[in-house]
Amino acid sequence: MAAPDGSSSLSQLTALRFVAAFAVLLSHLDFLGDGSEQGSGWLYETLLRQGYCGVSFFYILSGFILSYAYGDRLKQGSVTLRSYMMSRICRIAPLHWLMALLFIGWLALAGEVPGPGTILLNLGLMQAWAPDPTVHYALNGPSWSLSDELAFYAAFPWLCRMPTRSLGLCLAGGLLLVAVAAIIMARQGGYSATEEWVFYVFPPVRLIDFIVGMLLYRAWRSGHGNALAGTGAEVAVAIAVPLAMIGFSLMPLPMPLRWQLAYLPIMAMAVLIFAYGQGGVSRALRHPWMILLGQASFALYLTHRPIITLAYRLWGGNPAHYLSMSLSLPPFCVGVSLVIFLFVERPMMGRLRYAALSHDRKRGGIKAWRPS
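Remember, our numbering sits 169 above the position in the sequence shown when you count from 1.
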């Protein structure tokens, strides 16, 4: 499928996955916020910590890309439901399982292994449905978002068949419910683990982001918003995201709104503008190295937290090490992600997808399918 600008690639969006994953990585340098250094503490709390907004970008982009890659094929029957789900599971599960097992081994050495129920929920990518943070953040914390993704994948074959008007009404209803609930809970003040679960983790609530991505794809395919495409719009949205992160923090905007709704419009604009890929920023993002970093972003997302946690346990007791850790850990995590992507994730994913394809061909249950 060609893009409306005549190109055959959305590789600039692939590169932006790295930017979002890197923002999430920076949000986990939480040792900077311990108050020992006023300057670094302010920087972390005001900007770096807000990097969790990258999750909204991932979910919106997921709805867009799944619509691009599978929407028409699922509706036309040129790909079976089984092949689609196998492809999606092969995309997220193997590396998650590998990291989870490594984490279990590490926790076993430390005598901190969680209960069998928690482990099974995590390995089955069902942990986000549990309101207890010791469950949905157990093992490799960022993997909770894969539990949401699995729910989105399961819902997509039905959502993609909905008319745009009906899908839009579902979105409007969901936004209204979440906005009302967020405003009510925000008035109570203070931090609540239950609120964080409801607005940041709970799959039905985060489905809003995914549906936004699906609607953006339909708008992009129809050429809506093309007037916004170009270098000026790309630079504007690239500046607007960190400004919003700082602004929401300084207001301060209540967390129930920040966890879900506040970043939704700006991330939606970023996906739509960069999907057209007509500006100078997009041309820079299509550099082979940026595309490679984007392809390795999933590995970066799943491996950075264990690395940061291990480094902190080894050297984090002394605040004098915080500056060197904050400067060395991000590039080290990126390097590890590239190695894992090139030598573990990509070969493993290719073999699994080939096995799934061969199985479907033998059963005659696939007409024309190619992994994406």
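Note that CB positions come from ideal geometry on N, CA and C, so glycine has one too.
Proximity below 7 Å, CB of residue i to CB of residue j
{"i": "Ile545", "j": "Leu397", "result": "Residue 545 cannot be examined here, being either before or after the span of the chain that is shown, 170 to 541."}
{"i": "Gly542", "j": "Phe368", "result": "What is shown of the chain runs 170 to 541, which leaves residue 542 out entirely."}
{"i": "Pro506", "j": "Ala453", "result": "For the sequence presented, residue 506 should be read as Ser rather than Pro. It is not a contact, given that the beta carbons lie outside the stated cut-off."}
{"i": "Ala297", "j": "Ser312", "result": "no"}
{"i": "Leu201", "j": "Tyr213", "result": "yes"}
{"i": "Ile377", "j": "Gly399", "result": "no"}
{"i": "Val406", "j": "Ala431", "result": "no"}
{"i": "Asp463", "j": "Glu403", "result": "Note on residue identity: the sequence assigns Gly, not Asp, to residue 463. No; because the gap between Cβ atoms is not below 7 Å, this pair is not in contact."}
{"i": "Ala465", "j": "Val381", "result": "no"}
{"i": "Met517", "j": "Pro263", "result": "yes"}
{"i": "Leu319", "j": "Leu292", "result": "no"}
{"i": "Ser497", "j": "Leu198", "result": "no"}
{"i": "Cys339", "j": "Gly240", "result": "no"}
{"i": "Thr347", "j": "His305", "result": "First, the amino acid is wrong: residue 347 is Val here, not Thr. Not a contact, by the Cβ cut-off of 7 Å."}
{"i": "Met383", "j": "Ser236", "result": "yes"}
{"i": "Ile460", "j": "Ser180", "result": "yes"}
Pairwise C-alpha distance: residue j and residue i
{"i": "Tyr445", "j": "Thr215", "result": "31 Å"}
{"i": "Lys244", "j": "Leu267", "result": "34 Å"}
{"i": "Phe417", "j": "Leu521", "result": "43 Å"}
{"i": "Thr183", "j": "Arg515", "result": "15 Å"}
{"i": "Tyr386", "j": "Trp484", "result": "46 Å"}
{"i": "Ala171", "j": "Ser391", "result": "Reliability fails at Ala171, whose pLDDT of 43 lies under 50, so the model's placement of it is uncertain and the value that follows must be treated cautiously. Cα to Cα, Ala171 sits roughly 12 Å from Ser391."}
{"i": "Ser177", "j": "Ala307", "result": "Note that Ser177 scores a pLDDT of 42, beneath 50, so its modelled location is shaky and nothing firm can be said."}
{"i": "Phe226", "j": "Ser314", "result": "12 Å"}
{"i": "Leu185", "j": "Pro500", "result": "17 Å"}
{"i": "Met414", "j": "Tyr491", "result": "23 Å"}
{"i": "Lys536", "j": "Tyr523", "result": "Since pLDDT at Lys536 reaches only 41, below the 50 mark, its modelled position is unreliable, and the value read off the structure follows with that caveat. One C-alpha to the other measures close to 15 Å."}
{"i": "Glu217", "j": "Gln429", "result": "Checking the displayed sequence, the identity of residue 217 turns out to be Leu instead of Glu. Straight-line Cα distance between these residues: approximately 17 Å."}
{"i": "Gly337", "j": "Thr363", "result": "28 Å"}
{"i": "Arg482", "j": "Ile476", "result": "10 Å"}
{"i": "Tyr228", "j": "Leu290", "result": "21 Å"}
{"i": "Ser252", "j": "Ser451", "result": "32 Å"}
{"i": "Phe321", "j": "Ile234", "result": "12 Å"}
{"i": "Phe325", "j": "Ile261", "result": "16 Å"}
Classification of residue i by the beta-carbon crowding that lies within 10 angstroms, buried from 16 upward
{"i": "Trp211", "result": "exposed"}
{"i": "Ser335", "result": "exposed"}
{"i": "Ser196", "result": "buried"}
{"i": "Arg242", "result": "buried"}
{"i": "Trp389", "result": "buried"}
{"i": "Val374", "result": "buried"}
{"i": "Ile408", "result": "exposed"}
{"i": "Met420", "result": "exposed"}
{"i": "Ala323", "result": "exposed"}
{"i": "Ser493", "result": "exposed"}
{"i": "Asn487", "result": "exposed"}
Is it the case that the region 185-204 contacts the region 216-229, given that we only count it when at least three CB pairs across the two stretches are under 8 Å? Segments in contact, yes.
Would you call the region 422-441 in contact with the region 351-365, where contact means no fewer than 3 C-beta pairs closer than 8 Å? Contact holds: three or more Cβ-Cβ distances are below 8 Å.
Say whether the region 471-482 touches the region 263-279, bearing in mind that this needs 3 or more beta-carbon pairs closer than 8 Å, one atom from each stretch. The answer is yes - the region 263-279 touches the region 471-482, with three or more Cβ pairs under 8 Å.
Counting only runs of 4+ residues fully inside the region 419-474, write out the alpha helix (DSSP H) ranges in chain order. Assignment of alpha helix (DSSP H) within the region 419-474, counting only whole runs of 4 or more residues, yields 424-428, 433-445, 449-454 and 457-464 in chain order.
Stretch pair the region 253-267 + the region 490-506: three plus CB contacts closer than 8 Å: Taking 8 Å as the limit for Cβ pairs, the verdict is that the region 490-506 does not touch the region 253-267.
What alpha helix (DSSP H) runs, 4 residues minimum, are completely inside the region 274-315? Correct list: 285-292 and 302-305.
Ignoring anything shorter than 3 residues or poking outside the region 218-256, list the beta strand (DSSP E) runs there in chain order. For the region 218-256, not a single whole beta strand (DSSP E) run of length 3 or above is found.
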